[in-house]
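Q: Chains as they are written, first to last, in the working numbering: chain A, 48 to 324; chain B, 48 to 324. Beta carbons: idealized from backbone N, C-alpha and C, even for Gly.
1. Please state if the CB of residue 228(A) and the CB of residue 154(A) are separated by a distance shorter than 8 Å.
2. By the 7 Å beta-carbon criterion, what residues does the segment 97-118 of chain B contribute toward chain A?
3. Cβ atoms of residue 178(A) and residue 160(A): under 8 Å apart, would you say?
4. Run the CB neighbour count on residue 184(A), radius 10 Å, all protein chains shown included, and call it buried at 16 or more, exposed below.
5. Let me see if you follow: with CB-CB separation under 8 Å, is residue 239(B) close to chain A or not?
6. Below 8 Å between beta carbons: does that hold for residue 325(A) and residue 146(A)?
7. Going along chain A, which residues have a C-beta under 7 Å from residue 208(B)?
8. For residue 40(B), would you say it is in contact with chain A, using Cβ-to-Cβ distances shorter than 8 Å as the test?
9. Closer than 8 Å, CB to CB, is residue 294(B) near chain A or not?
10. For a contact defined as C-beta to C-beta under 8 Å, what are the partners of residue 87(A) on chain B?
11. Interface residues of chain B around residue 198(A) at Cβ under 7 Å?
12. Would residue 288(A) and residue 313(A) be called neighbours here (beta carbons separated by less than 8 Å)?
13. When DSSP labels each residue in this structure, what does residue 286(B) get in the three-state scheme?
14. Express the C-alpha separation of residue 140(A) and residue 115(A) in angstroms, rounding to a whole number.
15. Any C-beta of chain A within less than 8 Å: which residues of the segment 61-86 of chain B qualify?
16. Less than 8 Å between the beta carbons of residue 20(B) and residue 254(B), yes or no?
17. How far does the alpha helix (DSSP H) with residue 64(A) in it reach, from first residue to last?
18. Go ahead and label residue 57(A) buried or exposed: buried means 16 or more other beta carbons lie within 10 angstroms of its beta carbon, across all protein chains shown.
19. Might you give, ordered along the chain, the residues of its own chain that have their beta carbon closer than 6 Å to the beta carbon of residue 391(A), omitting 5 neighbours on each side?
20. Please list, in chain order, the chain B residues whose beta carbon lies closer than 8 Å to that of residue 93(A).
21. Given a threshold of 16 other Cβ atoms within 10 Å of its Cβ, counted over all protein chains shown, does residue 126(A) qualify as buried or as exposed?
22. Give me the residue from 55(B), 65(B) and 52(B) with the minimum Cα distance to residue 234(B).
23. Let me know if residue 134(A) comes out buried or exposed under the rule of 16 or more other beta-carbons within 10 Å of its beta-carbon.
24. So with CB distances below 9 Å, who are the chain A contacts of residue 135(B)?
25. Per DSSP, which one or two residues make a beta bridge with residue 189(A)?
26. Taking the straight line between their C-alpha atoms, what separation do you get for residue 291(A) and residue 98(B)?
27. Could you name the residues of the segment 154-174 of chain B whose beta carbon sits closer than 7 Å to any beta carbon of chain A, in the order they occur along the chain?
28. Using Cβ-Cβ distances below 8 Å, what residues of the segment 211-236 of chain A are close to chain B?
29. What in chain A is Cβ-close to residue 201(B), meaning under 8 Å?
30. On the DSSP bridge assignment, give the partners of residue 252(B) in chain order.
31. Mapping DSSP to helix, strand and coil, what is residue 299(B)?
32. So what's residue 58(A) in DSSP terms, helix, strand or just coil?
33. Which same chain residues end up closer than 7 Å to residue 237(A) when comparing Cβ atoms and leaving out the 5 residues on each side of it in sequence?
34. Taking the continuous alpha helix (DSSP H) assigned at residue 174(B), which residues delimit it?
35. Who are residue 83(A)'s beta bridge partners in DSSP?
36. Helix, strand or coil for residue 243(A), going by three-state DSSP, please let me know.
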């Protein structure tokens, strides 16, 4: 029985739109509700307790739209909140860390994998743990890269000398370690893919979770017979955020190949009301 | 009648500790309650509506300690929320923008003043507006510098080549404009004072609001006869934050010359309860 219910996606801000973009390419008939918690962004420098609380609140808000699935399009929230969310909500909850780890293990030949991510994702150990579960012989080298998200949001042009210098400062150790795969462990980083590829060189494969996450979303829906048929017309995307909708639309356009027509504001009072239910 | 009530200070995070530091030097007998909203930091990239809401919530929390004054130790919150806070709370509310503007106007000889600040502080126009009120003939040149706060929090050493390159990218236009005073319009920036001075050269005076804000706090308390006498023993400082207290203490130490012994967590449930009163 195909389902017309929407797929809910959330992120701390606009970065998760890179994940939505990949899912949209694969499942154009689906309807989506995206929530970006732009009033409280970023999550990647905050504690596990705070991140779990925010993620639960975000999902409680999204449950109003009666979704058939929740996609946690944020590496930091995926690293900490997945178990809590799966226990609380009675629909499939899919994160981005496991798909990224699967893609990395499939791609490495030397069994030396690098991961760049936010400080909190690195501290969580979610990538090394997941990769070890898939193949205990893969060595993982991590590096926190706190300046990359604000640099992407600032929109520096690729030929700005600041971009390669900051990237070099984070990637030098990973190059030194001889990794042949680098996981872009934050949804903002695909926007720096070209510049990162230049620093890492042609022998290193870059893995971004978005593509693989879209495949997992597709498989999970198919398995439960919840896919909207491809013969149906293209689905709608609904955008919500907790701070300024205009700013979300403006910055979000850089992350998504589909136009963002309208963004709604999740009124914080309603938002916290939901938290108390 | 000298008052033993504490002085309340808040900021989006740890940056406001540079302001507390200056006030402490001037008024060592006073007691302080500091709140850093580390769960929702930063404010400087968010909208006025969200910043005003956060600032009101922060102050409602601080009112529990029955303070005699509120210091808004955050340029972004000072730029937007001062009128709202002054209307809502029946004690003096002092921000950091006006003191910084006063110091800049006093220091300039060429009447060309530069300001670096967060994107939202720049957008607010608070510095140009305040400076124009003090001396309409002063020209103000602003530049948003979004990477500086995460760079300070990341703790890169001063000899890291990334630091001067990022500073050059923001300051080139202001140097070009021939300013003789540069306002450090964010409480994090004093930690970059030396590196900024090197880029701007010896003929440019750097103004940070903290020193001047401490003078205004002192004057205001004296005028209302609310100062604790200097003969009294040194006052205590109480620290609160909305995210991880250990992390606050660890990063905060770089911003404050007094030790941070204990940091309390403002439980978000209590926090939002307060919001509803």
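A: For this structure:
1. Locating residue 154(A) in the first chain gives position 107, counting from the first residue. Locating residue 228(A) in the first chain gives position 181, counting from the first residue. The Cβ atoms of residue 154(A) and residue 228(A) sit closer than 8 Å to each other.
2. Listed by position along the chain: 97 and 100.
3. Position 113 of the first chain, counted from the start, is the residue given in the question as residue 160(A). Position 131 of the first chain, counted from the start, is the residue given in the question as residue 178(A). Contact flag set, yes.
4. For this step, residue 184(A) is matched to residue 137 along the first chain. That one is exposed.
5. Start at 1 with the first residue of the second chain, and residue 239(B) comes out as number 192. It does not: the Cβ of residue 239(B) has no partner Cβ on chain A nearer than 8 Å.
6. The structure shown has nothing for residue 325(A), since chain A only spans 48 to 324.
7. The residue given as residue 208(B) occupies position 161 in the second chain. In chain order: 212.
8. Look at the range of chain B in this structure, 48 to 324, and you will see that residue 40(B) is not part of it.
9. The residue you call residue 294(B) lines up with position 247 of the second chain. Residue 294(B) counts as touching chain A.
10. As a working note, residue 87(A) is residue 40 in the first chain. Correct list: 86 and 87.
11. The residue you call residue 198(A) lines up with position 151 of the first chain. The answer, in chain order, is 194.
12. Here residue 288(A) is taken as the residue at index 241 of the first chain, counted from 1. Here residue 313(A) is taken as the residue at index 266 of the first chain, counted from 1. In contact: residue 288(A) and residue 313(A) (Cβ atoms closer than 8 Å).
13. Taking the first residue of the second chain as position 1, residue 286(B) is located at position 239. It is a strand residue.
14. As a first step, residue 115(A) must be located in the first chain, where it is residue number 68. As a first step, residue 140(A) must be located in the first chain, where it is residue number 93. In a straight line, the C-alpha of residue 115(A) is about 9 Å away from that of residue 140(A).
15. 85 and 86
16. A question about residue 20(B) goes unanswered here, because the residues of chain B that appear run from 48 up to 324.
17. The count along the first chain starts at 1 and reaches residue 64(A) at position 17. Residues 64-73.
18. The residue given as residue 57(A) occupies position 10 in the first chain. That one is buried.
19. What the structure shows of chain A is the stretch from 48 to 324, and residue 391(A) is not part of that stretch, so it cannot be assessed.
20. Here residue 93(A) is taken as the residue at index 46 of the first chain, counted from 1. Going along chain B in sequence order, the residues near residue 93(A) (Cβ under 8 Å) are 85, 86, 290 and 291.
21. By 1-based counting over the first chain, the position of residue 126(A) is 79. Counting Cβ neighbours within 10 Å, residue 126(A) comes out buried, since at least 16 surround it.
22. What you label residue 234(B) is simply residue 187 of the second chain in a count that begins at 1. Closest option to residue 234(B), judged by alpha-carbon separation, among 55(B), 65(B) and 52(B): 65(B).
23. Taking the first chain and counting its residues from 1, one reaches residue 134(A) at position 87. Under this definition residue 134(A) is an exposed residue.
24. Position 88 of the second chain, counting from 1, holds the residue named residue 135(B). The premise fails here: residue 135(B) is roughly 17 Å from chain A at the closest Cβ pair, so nothing lies under 9 Å.
25. Position 142 of the first chain, counted from the first residue, corresponds to residue 189(A). According to DSSP, which records beta bridges pairwise, residue 189(A) is partnered with 162(A).
26. As a first step, residue 291(A) must be located in the first chain, where it is residue number 244. As a first step, residue 98(B) must be located in the second chain, where it is residue number 51. Looking at the two C-alpha atoms, the distance is approximately 11 Å.
27. Those residues of the segment 154-174 of chain B placed with their C-beta closer than 7 Å to a C-beta in chain A do not exist.
28. 212, 213 and 216
29. Residue numbering aside, residue 201(B) sits at position 154 when the second chain is read from its first letter. Those are 193 and 194, listed as they occur along chain A.
30. For the purposes of this step, residue 252(B) is taken as the residue at position 205 of the second chain. According to DSSP, residue 252(B) bridges with 228(B).
31. By 1-based counting over the second chain, the position of residue 299(B) is 252. Three-state DSSP puts residue 299(B) in a helix.
32. The sequence position of residue 58(A) within the first chain is 11, counting from 1. Reduced to three states, the DSSP call for residue 58(A) is strand.
33. Your numbering for residue 237(A) matches position 190 in the first chain. Closer than 7 Å at Cβ, skipping near neighbours: 65, 231, 255 and 257.
34. Taking the first residue of the second chain as position 1, residue 174(B) is located at position 127. Residue 174(B) -> alpha helix (DSSP H) spans 173-181.
35. As a first step, residue 83(A) must be located in the first chain, where it is residue number 36. Residue 83(A) is bridged to 58(A) and 288(A).
36. Numbered from 1 along the first chain, position 196 holds the residue referred to as residue 243(A). Looking at residue 243(A) - three-state DSSP - the assignment turns out to be helix.
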